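In this text, residue positions in the sequence shown follow this note's numbering: the first is 2, and each later residue adds one. Step one of this worksheet: look at the structure below.
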Amino acid sequence: MSFNTIIINNIKRNLRKYSVFILSGVVSVIVYYFFSLILNNIELIQDPFTIGFVDSLNFIQFLLIMGIFFLTDYSINIFLESRIEEFKIFYKLGISQNKMKKIIFIESLFLGIIITIFGIIIAFVFSKFMMMGIGRTLNKKINTIGNFKAIKDTTKVFFIIFIICGITKGRYIKGINKIYKARKPSLFLSMVCIIMLICLFKISQKINYFKSTGGISLFFILGFLYTLLSLTEMFPYVLTRISKIKLIYMDKANMIFISNVREKTLQNRNVLFIMTMFLSISIFIFGILYVQKDLIDKKKDILYPIGIAYVVKERDYNNIIDNKLKENSINFQKVKVTFYDVESAKYSVISESEYNKIANKLSYPIYNIK
């Protein structure tokens, strides 16, 4: 049997074990593709009200890539742990560690290509619907002309991630003959998990005070750590303590039930963690978009406090606007005021009396400067 045949047979035989890795990878590609569409959208980036938004997006992109890299690395670890016996057999059959490292690298790269292709196809199909939702969040019309750039950006990022993961996972082979003791859940880390849950609850109650990129990032990081600790420490610890209660221990039916729940939780906690984190990343991105929308609205209110305003220099334009307002049955009053241009400073000024004339019509505060 040739080396290439071994790799092909491995992929076919372990297709079910690959399922979690493939699913998490496809979801991560879809999430990043949608984000890349936002990052490469010309209308959004060139909007004068979203200048600070670009910096926020670059920061989010860094966090997103780091998060996807961590989850991809985590998924590969789960997959490799489920195949430890297989690698031990290869080792006993005389296959060198270098060849086993090569097997892991080729399999990771091959699956990475499949995951990227499937993820981009699914994301491309739903991209228009997704961008419509994002456009409504930001009150902007966003098209999908940046699809090609998003495809190129997504392919580049995931190609690099899978190459790095494939190379670094080669060290896993060095420890295939070591015997590891199962680590017991920690009471201290379980208590830390509870403290994080309380912090998240408190932040969620005062979420209006955290309308910033930093605030949303803090909430996301705490949620990330809480999810990790709850599935790896707190839940196993609680179930272990429950299984040791004498009343439960003496009842065979209860003991079997608790033991079954504990084992199922330990077996599936990795899958739960991965899917929960990808959902959290999606919510995190929309949270940032919501914060940005709020900041844009505040900036517009400061720069343009009057809801509808226009400046004309010819009477014809004035008549056109008047007719349009009348056609749409919009009630209005015309107030004639004079603005003075300050050419050296490139801005216009208005006298106190003229301003108060406008303010009186709009029910704005009247000022008296002495």
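Heads up, the beta-carbon is just placed ideally off N, CA and C, and yes, glycines get one too. These numbers were taken from a predicted model, which means no experiment stands behind them.
Q. Distance, Cα to Cα, M197 vs P186?
A. 17 Å
Q: Verify whether the separation of the beta carbon atoms of V343 and I359 is less than 8 Å.
A: no
Q) DSSP three-state call for V350: helix, strand or coil? A) strand
Q: Work out the CA separation of M132 and I85 for me, nearest whole Å.
A: 43 Å
Q. What are the start and end residues of the beta strand (DSSP E) that includes Y365?
A. Run containing Y365: none; DSSP gives neither H nor E here.
Q: Report, in whole angstroms, the separation of the C-beta atoms of S29 and I69, which I expect to be a contact under 8 Å.
A: 5 Å
**Q.** Proximal residues to D154 (C-beta, below 6 Å), its chain only, five neighbours per side dropped
**A.** S37
Q.
With H, G and I counted as helix, E and B as strand and the rest as coil, what does DSSP make of F71?
A. helix
**Q.** Candidates E328, N332, E355 and L326: closest to T339 by CA position
**A.** E355
Q. Which residues mark the beginning and the end of the alpha helix (DSSP H) in which V158 is found?
A. N148 to T169
Q.
Could you give the first and the last residue of the continuous alpha helix (DSSP H) run that contains F88?
A. I85 to K93
Q | Reference S20; option with closest CA among Q206, G113 and I321 | A | G113
Q) Around the Cβ of N42, are there at least 16 other Cβ atoms within 10 angstroms (buried) or fewer (exposed)? A) buried
Q. What are the residues that DSSP puts in a beta bridge with V343?
A. Y348
Q: Measuring alpha carbon to alpha carbon, tell me which of F22, F63 and L326 ends up nearest E82.
A: F22
Q: Let me know if P366 comes out buried or exposed under the rule of 16 or more other beta-carbons within 10 Å of its beta-carbon.
A: exposed
Q. Three-state secondary structure (DSSP) at K100?
A. helix
**Q.** Contacts around I121, its chain only, beta-carbon distance under 8 Å, and the 5 residues preceding and following it disregarded
**A.** V30, Y34, I152, T155 and T156
Q) Could you give the residue range of the alpha helix (DSSP H) that holds L232? A) Looking at the DSSP string, L232 is not in any alpha helix (DSSP H), and its letter there is neither H nor E.
Q | Residue burial classification, I77 (beta-carbon count within 10 angstroms, cutoff 16) | A | buried
(Q) In this structure, how does DSSP classify F333 when only helix, strand and coil are distinguished? (A) coil
Q | Whole-angstrom distance between L110 and F149, CA atom to CA atom | A | 23 Å
Q) How many whole angstroms separate the CB atoms of S73 and I162, which I take to be in contact at a CB cut-off of 8 Å? A) It should be noted that the sequence gives Thr, not Ser, for residue 73. Confirmed, Cβ separation roughly 6 Å.
Q | Where K327 sits in the DSSP three-state scheme | A | helix
Q.
I'd like to know whether the C-beta atoms of E234 and C194 end up nearer to each other than 8 Å.
A. yes
Q: Starting from V338, trace the alpha helix (DSSP H) both ways and give me its first and last residue.
A: Per DSSP, V338 belongs to no alpha helix (DSSP H) and is neither H nor E.
Q: Using alpha carbons as the reference points, say which of I104, L219, F220 and S231 lies closest to L188.
A: S231
Q: Answer with buried or exposed for S128, where buried requires no fewer than 16 other C-beta atoms within 10 angstroms of its C-beta.
A: buried
Q: Closer than 6 Å by C-beta to K1: which residues in its own chain qualify, once you throw out the five before and the five after it? Chain order, please.
A: Past the boundaries of the shown model lies residue 1; the chain is included only from 2 to 371, so the question cannot be answered.
Q | Closest Cα partner of I204 within the set N324, I66, I123 and F221 | A | F221
**Q.** Where the alpha helix (DSSP H) containing K203 begins and where it ends
**A.** L188 to Q206
Q. Is K129 helix, strand or coil by DSSP?
A. helix
Q.
Please classify M67 as buried or exposed, where buried requires at least 16 other C-beta atoms within 10 Å of its C-beta.
A. exposed
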